[in-house]
Amino acid sequence: MNSNTMTEKEKMIAGLRYRFEDPELDELRLRARKLNKQFNNIIGSDEDDGEKGPEIIKKLFGTTGDIVIVREGIKVSYGINIHVGDKFFINHNCILNDDGPIRIGYGAMIGPNSQLYTATHPFEPSERIGGSDENFTKGITIGDNFWAGGNVIILPGVILGNNVIVGAGSVVTKSFPDNSVIAGNPAKLIRMNIPTK
Numbered sequence: 001m002n003s004n005t006m007t008e009k010e011k012m013i014a015g016l017r018y019r020f021e022d023p024e025l026d027e028l029r030l031r032a033r034k035l036n037k038q039f040n041n042i043i044g045s046d047e048d049d050g051e052k053g054p055e056i057i058k059k060l061f062g063t064t065g066d067i068v069i070v071r072e073g074i075k076v077s078y079g080i081n082i083h084v085g086d087k088f089f090i091n092h093n094c095i096l097n098d099d100g101p102i103r104i105g106y107g108a109m110i111g112p113n114s115q116l117y118t119a120t121h122p123f124e125p126s127e128r129i130g131g132s133d134e135n136f137t138k139g140i141t142i143g144d145n146f147w148a149g150g151n152v153i154i155l156p157g158v159i160l161g162n163n164v165i166v167g168a169g170s171v172v173t174k175s176f177p178d179n180s181v182i183a184g185n186p187a188k189l190i191r192m193n194i195p196t197k
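Per UniProt numbering, residue 1 is the first one in the sequence shown, and the count goes up by one each step.
Okay, here's the thing in structure tokens:
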């Protein structure tokens, strides 16, 4: 598809340069803010019946598995670009900056205060001055059985394989294959963890 005929939303999801200030994107961000607020106000309140929260998350996220557990304090950019597998768990106060796609497989566990970022900006200073309206994205893809400790940051474009474990406080700046145990800032391979079952 020619980028001249694409909507700003299509460009954003495809990782092409797009204009942030766009009526369709403005509407999607407003929808996400409203659903975010509704979710965070219900979780832990007297209205929390154990069903309303997951219903809101299933409206907010692009796709989900059947079992999705999300704790309060979550913040997303659009929601529609988040795709998670079954048995997904994300703890308190996490940020999913889903300007680009965030795809997470089956059985993922993400610790509190973690942040996944897909939005990025031009490296050329003259293209960034004054909060340039030109942005682009790099999606994040995470395999099955992922486990991230608290305060993990995953940067744009990272791909993590199946069974990856990320130590608390790590900043993941590059991709790692299946069965990697990584930690640090920037995250480095600590060892390979080959499953026995």
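Yeah, the Cβ is synthetic: ideal placement off N, Cα and C, and Gly gets one too.
Per the C-alpha coordinates, the member of 163, 169, 174 positioned closest to residue 181 is 163.
In this structure residue 98 touches residue 77 by the C-beta definition: roughly 5 Å separates them, less than 8 Å. Here DSSP, grouped into helix, strand and coil, assigns residue 168 to coil.
Between residue 81 and residue 102 the beta-carbon gap is near 6 Å, inside 8 Å, which marks them as a contact. Within the same chain, 64 come within 6 Å of residue 58 by CB-CB distance, once the 5 residues on both sides are set aside. DSSP places residue 192 in the uninterrupted beta strand (DSSP E) bounded by 187–192. Put simply, the backbone Cα of residue 142 is about 9 Å away from that of residue 84.
Distances from the alpha-carbon of residue 193 to those of 13, 179, 185 put 179 closest.
Rounded to whole angstroms, the gap between the alpha carbons of residue 137 and residue 52 is 31 Å.
Under the three-state reduction of DSSP, residue 30 is assigned to helix. When secondary structure is reduced to three states using DSSP, residue 108 falls in the coil class, being assigned neither helix nor strand.
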